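Below: one structure, written as structure tokens.
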Amino acid sequence: DTEVTQTPKHLVMGMTNKKSLKCEQHMGHRAMYWYKQKAKKPPELMFVYSYEKLSINESVPSRFSPECPNSSLLNLHLHALQPEDSALYLCASSQSEVFGGEFFGPGTRLTVL
Amino acid sequence: DAKTTQPPSMDCAEGRAANLPCNHSTISGNEYVYWYRQIHSQGPQYIIHGLKNNETNEMASLIITEDRKSSTLILPHATLRDTAVYYCIVGNNAGKSTFGDGTTLTVKP
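Residue numbers (the working numbering), protein chains in the order written: chain W, 42 to 154; chain B, 12 to 120.
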């Protein structure tokens, strides 16, 4: 199994909603990532988990809350988002934080109304 | 972390080699060069990476200059399905390697 899966594929939410994005990999990778990508822009790193511990938070607003329940799963909890948070949210994993060659999931297209 | 410079767009004829350049003049000795591509509305796809030596895999070849200040990704026989945004990234820590604006490669029939 050499893929990263993300659910849901699309999500529409209001500014007062609470929702979660899910990411799963079964490659035994010990580093997992959340990226945000706006239209026609490159992906921007949000969070890095290494061995299930948060190692990098790129000054992301607290309305985004990551969680790594185990080595295969990564969640991104969303609360009180703004319309400008609408974007493609990408999950990725790699063997470790030191090694690159990240595998990316297909992303969740988020629209905040 | 070293920054990269890539041309914003390139065209290539189907069946011909596509040569995508990347400048990374501030690369440090322990930083790798990675290439990814992103086909419209999909997640980025890892292509290849290298440190000093040229590398080849089933997808592409990576040529790194001796001074390591630039590199070229070569798709030997481009197909229409290779149309994508190609990102060159430099880093030694996946969490600290940032995506630049990339090159939009359009393969034309």
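Beta carbons: idealized from backbone N, C-alpha and C, even for Gly. Computed from a predicted structure; not experimentally measured.
The distance from the Cβ of THR149 (chain W) to that of LYS50 (chain W) is about 6 Å, consistent with a contact at the 8 Å cut-off. The closest CA to that of GLN17 (chain B), considering only B:ILE100, B:HIS51 and B:GLN49, is found on B:ILE100. With 16 or more other Cβ atoms from the protein chains shown falling within 10 Å of its own Cβ, PRO55 (chain B) counts as buried.
Here DSSP, grouped into helix, strand and coil, assigns LEU91 (chain B) to helix. The three-state reading of DSSP puts PRO124 (chain W) in helix, counting H, G and I together. The criterion of a C-beta distance shorter than 8 Å is not satisfied by MET56 (chain W) and ALA128 (chain W).
Near chain B, meaning a CB-to-CB distance below 8 Å, the residues of the segment 87-116 of chain W are VAL89, SER91, SER96 and ILE97. Apart from sequence neighbours up to five positions away, the residues of its chain that approach ALA28 (chain B) with a beta-carbon distance below 8 Å are ILE85, LEU86, PRO87, HIS88 and ALA89, ordered along the chain. Chain-order list of chain W residues neighbouring GLN53 (chain B): PHE145, PRO147 and GLY148, by C-beta distance under 9 Å. Only those residues of the segment 56-80 of chain B whose C-beta falls short of 8 Å from the nearest C-beta of chain W are listed: GLN56, TYR57 and HIS60.
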